[in-house]
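With mature numbering (1 follows the signal peptide of the UniProt record, and there is no 0) applied, the sequence shown corresponds to residues -20 to -1, 1 to 726, in that order.
Everything below concerns the one structure shown next.
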Amino acid sequence: MFLVREPLFLLNLCLQPTFPACLAPPGSLSHILQFTYAHGSSPFPSTAAILDDPMECSRGERLAITLAKEGINRATNRTTMGKLEVDIFELLRDSEYETGETMCQIVSKGVVAVLGPSASPASNSIISNICGEKEVPYVKVAPEDILKVQFPRFTTLDLRPTNTDISLAVAGLLGFFNSTTACLVCAKADCLLNLERLLRQFLISKETLSVRMLDESQDPTPLLKEIRDDKTATIIVDANITMSHIILERASDLGMLSIYYTYIFTSLEFSLLQLDDIVDQRVNIVGFSVFNRTHPFFQDFLLSLNRSWQENCDHAPFAGAPLSSALMYDAVHAVVAAVQELNRSQNVGVTQLSCKSSKIWEHGTSLMNYLRMVELEGLTGHIEFNSKGQRANYALRVMQSTKDGLRQIGQWHSDLGLSMERKLHSPNATDTLRNATLTVTTILENPYVMLRRNHQELDGNERYEGFCVDMLRELADILKFNYRIRLVGDGVYGVPGANGTWTGMVGELISRKADLAVAGLTITAEREKVIDFSKPFMTLGISILYRVHLARRPGYFSFLDPFSPGVWLFMLLAYLAVSCVLFLVARLTPYEWYNPHPCQRGRCNLVINQYSLGNSFWFPVGGFMQQGSAIAPRALSTRCVSGVWWAFTLIIISSYTANLAAFLTVQRMEVPIESVDDLADQTAIEYGTMHGGSTMTFFQVGGGPTYVFTAGRIKSTSDFQLRCPAPWIVSLLSGEKVRAHFVHSI
């Protein structure tokens, strides 16, 4: 029993210069267009194709074949080859028997290659088996089969990217976004098999991936609410374009299309997703596209599709080119290229085969080998296959939704992996927050946030004043965003509960009820685990105020400070030793003696040596100063001595340069005290603090033995317990006495 679920697309190559059109039997859904190649008087194999979509307002596979045929015919018109004609077969879906019958009819005519169908797994399985038995190449444009065959047919080529590659691309994006927790939304149960590689990667890592399946109602609202309650910010969507659009619409209704969320779509038709009416420009929505928009025919291909839809449809069914139509276009070109290459080495002819016999096509293996060697640039990028017949050496373009449409932010290459352009991914803060309205939670606390005296007569943000309110107003003016201030509901800053939830302002930030908290909120380790803090404008702590005596200014001979006198002395001795050795070696070696006038007969016996005593002392100086000299060593021995000296001077000069920069640009400060322990261990420096202040209290009760000892010394001297610290600080800064003062750091 054979059952097919969707139409087929067949490529038929004939041996004769012309081939009669194949007529479909009455009442059948099949109709055929024939194309032929002829090369002068010698017969060349022709190409035939089978298409699957019977609708005029369709995904464009029929038009893609027509455009490919016209392009090939225009190219062959400049040669001696004949024109290409195409056969198109249409099959009912879910009819495996009809698929088998149609395939038997096709192979009986003499088939070179089969393309399609674009969706049905059952049809793909039947076509693959029949083509494998008859050794006829089968180029698949459909997604990868869910149930992988243990021993796949040699005659099958997958033009669409594999599920493993898509899983690796998604995993690369998760790593780029630093997403340790993600949620996978599946429209169908087979997505777990499609993204098996991604699931395995999460199993062996410490990262968390939750999987949620749409129910029979196909309403994603309950599922999205669960994701929102789980505080999951990265959502992977494995669904077709229609369901993906519904998911984004429901997410928009739930307030989940905001800057806090990242959506990754696995569909390769991400470019068909219309996002203008539902997407906040701050949300990060990314997906993949295999289209090569730089292809010379890409824009004409889109225009032809739109023109066809305008003529046959009430409205365009897609926002761009469907992937299956582009794959059909590339499949025709790939098969024609392989046949042309094979026809150069042997006379390719087709054979009429039968499903009832074991006879195979004698050129099938050769053509399959040539198909695996095809390399061309198509509408879906670089087309090349590996030894398994899978797409290889190609790139998935990573696209991001922006206010100006889709924009490429990187690519995933099947060999090189993910490469991203971070500047394109992360818009600056001004563009992200421009015209956005932020909910600001706060709490009343003087002087940070206060109610105006006439707050009952005012509305909105005008009711509040204070340091934090003024700072928030300035930020809004700079970043061009709007804000709405509201007081926290429970009137607390935020503490963790027994069940892991938080109260107060921290809890509102976690639950996304507020976008920002502006208040005198203390930074603690527990809070930093759940929310992000800006850098504090005030730090309450204890500091030691002390006047530091600066070191002396550099003198005229400060350039000698980087090295000690001993180093300078040994460098001088090394210079003298190298000069003497160089002089002796140059005198002993015969290769340093040469005739300066070899062309003059009367002076042919005259030889000189350039390394006189003066030159021997001058040559190391030039090397040490890295300026060189006109003297060049000629013998190997003198070159070795010169090389050793140059290596030595390279190290010396590098060390000297680094040390000199430090000595001349950094003023060393001598700080006799760096902690309370240093003060407690000496008596030369007087120290004190504010009388009745928190610092003194801390020293007395909570600072440890050292602080208790320090507090005792301060308390024993009434002058050190300051009622007013101003005179003490003036005396400290003037240098009249060596003093230190404990103050709060601001």
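Backbone N, C-alpha and C define an ideal beta-carbon position, used for all residues, glycine too.
Remember, predicted model here, so these are calculated numbers, not experimental data.
Presumed contact (8 Å Cβ cut-off) between residue i and residue j, rounded CB distance
i: Ser108; j: Tyr118; result: 6 Å
i: Leu474; j: Gly487; result: At residue 474 the sequence reads Gly, which differs from the Leu that was named. At roughly 6 Å, the Cβ-Cβ gap stays under 8 Å, so Gly474 and Gly487 are in contact.
i: Tyr555; j: Pro600; result: 6 Å
i: Ser622; j: Phe597; result: That belief does not hold up - the Cβ atoms of Ser622 and Phe597 are roughly 14 Å apart, past 8 Å.
i: Ser88; j: Leu333; result: 6 Å
i: Arg466; j: Thr419; result: 7 Å
Buried versus exposed, by CB contacts within 10 Å (16 or more), residue i
i: Ala720; result: buried
i: Arg507; result: buried
i: Phe722; result: buried
i: Leu396; result: exposed
i: Ile184; result: exposed
i: Lys114; result: buried
i: Asp32; result: buried
i: Cys111; result: buried
i: Glu70; result: buried
i: Arg54; result: exposed
i: Pro578; result: exposed
i: Trp341; result: buried
i: Asn220; result: exposed
i: Glu78; result: buried
i: Lys49; result: buried
i: Leu234; result: exposed
Distance cut-off 8 Å: residue i Cβ against heavy atoms of the ligand GTP
i: Cys166; result: Annotation note on the ligand GTP: not contained in the displayed structure, which lists no ligands.
Same chain, Cβ closer than 8 Å to residue i, neighbours up to 5 away in sequence not counted
i: Ile226; result: Gln198 and Pro200
i: Leu659; result: Ile524, Ile653, Ile665, Tyr667, Thr690 and Ala720
i: Leu347; result: Val92, Ala93, Pro117, Ala318, Val319, Leu322 and Val328
i: Val587; result: Trp573, Tyr574 and Asn575
i: residue 728; result: Nothing about residue 728 can be read from this structure; the chain reaches only from -20 to 726.
i: Gly152; result: Trp392, Gly397 and Leu398
i: Thr212; result: Thr161, Ala162, Cys163 and Ser190
When the options are compared against residue i, the one with the closest alpha-carbon
i: Met223; options: Leu253, Val688 and Pro97; result: Leu253
i: Leu413; options: Arg492, Arg567 and Asp457; result: Asp457
i: Ala167; options: Gly594, Glu196 and Ile146; result: Glu196
i: Phe156; options: Gly390, Thr345, Met430 and Arg453; result: Gly390
i: Pro101; options: Lys120, Cys111, Asp125 and Met83; result: Asp125
i: Val565; options: Ser655, Gln590 and Asn462; result: Gln590
i: Val510; options: Asn462, Ser617, Gly535 and Pro476; result: Pro476
i: Arg387; options: Glu364, Met400 and Pro545; result: Met400
i: Leu552; options: Thr274, Ile340 and Phe628; result: Phe628
i: His362; options: Arg140, Ala610 and Asn434; result: Arg140
i: Cys448; options: Thr422, Lys515 and Ile611; result: Thr422
i: Tyr687; options: Ala99, Ile522, Val624 and Pro97; result: Ile522
i: Ser514; options: Asp384, Leu455, Ile146 and Phe134; result: Leu455
i: Val217; options: Glu206, Ser592, Phe245 and Lys211; result: Phe245
i: Glu81; options: Asn441, Gly608, Thr345 and Lys336; result: Lys336
i: Glu206; options: Tyr428, Ala372, Leu562 and Ser491; result: Ser491
Spatial neighbours of residue i in its chain, beta-carbon cut-off 6 Å, leaving aside the 5 residues before and after
i: Thr214; result: Ser159, Ala162 and Thr242
i: Ala231; result: Leu204 and Leu237
i: Asn174; result: Asn143
i: Gly344; result: Glu115 and Val116
Own chain residues within Cβ distance below 7 Å of residue i, not counting five before or after
i: Met193; result: Cys166 and Ala169
i: Gln370; result: Asp138 and Thr142
i: Phe182; result: Leu189
i: Leu501; result: Tyr473 and Met485
i: Leu431; result: Leu424, Arg443 and Tyr444
i: Pro542; result: Tyr636, Asn639, Leu640 and Phe643
i: Cys539; result: Correcting the residue identity first, residue 539 is Phe in this sequence and not Cys. Only Leu640 meet the Cβ criterion.
i: Ser21; result: No answer about Ser21 holds up, because its pLDDT of 33 lies below 50 and its placement is not dependable.
i: Ile611; result: Gln590, Asn595 and Phe599
Proximity test, Cβ basis, 9 Å: residue i and chain D
i: Thr690; result: Of the chains in the structure shown, none is chain D; there is only one protein chain.
Can we say the region 278 to 296 touches the region 364 to 380, given the rule of at least three CB pairs closer than 8 Å?
Three or more Cβ pairs closer than 8 Å define a contact, and the region 278 to 296 falls short of that threshold against the region 364 to 380.
Could you tell me whether the region 39 to 47 touches the region 301 to 314, where touching means 3 or more Cβ pairs closer than 8 Å?
Judged by pairs of C-beta atoms under 8 Å, the region 39 to 47 touches the region 301 to 314, as three or more such pairs exist.
Between the region 355 to 370 and the region 305 to 319, can you find at least three pairs of beta-carbon atoms closer than 8 Å?
Judged by Cβ distances under 8 Å, the region 305 to 319 makes contact with the region 355 to 370, as three or more pairs qualify.
Decide if the region 236 to 252 is in contact with the region 266 to 281; the criterion is three or more beta carbon pairs, one per stretch, under 8 Å apart.
In short, these stretches touch, since the Cβ pair count reaches three.
Taking 8 Å as the cut-off, does the region 277 to 287 touch the region 413 to 432 (at least 3 CB pairs, one atom from each stretch)?
Of all C-beta pairs linking the region 413 to 432 to the region 277 to 287, fewer than three are shorter than 8 Å, placing the two stretches out of contact.
Specify whether the region 561 to 570 and the region 630 to 641 touch according to this definition: at least 3 beta carbon pairs, one from each stretch, less than 8 Å apart.
Cβ pair count under 8 Å is below three, so no.
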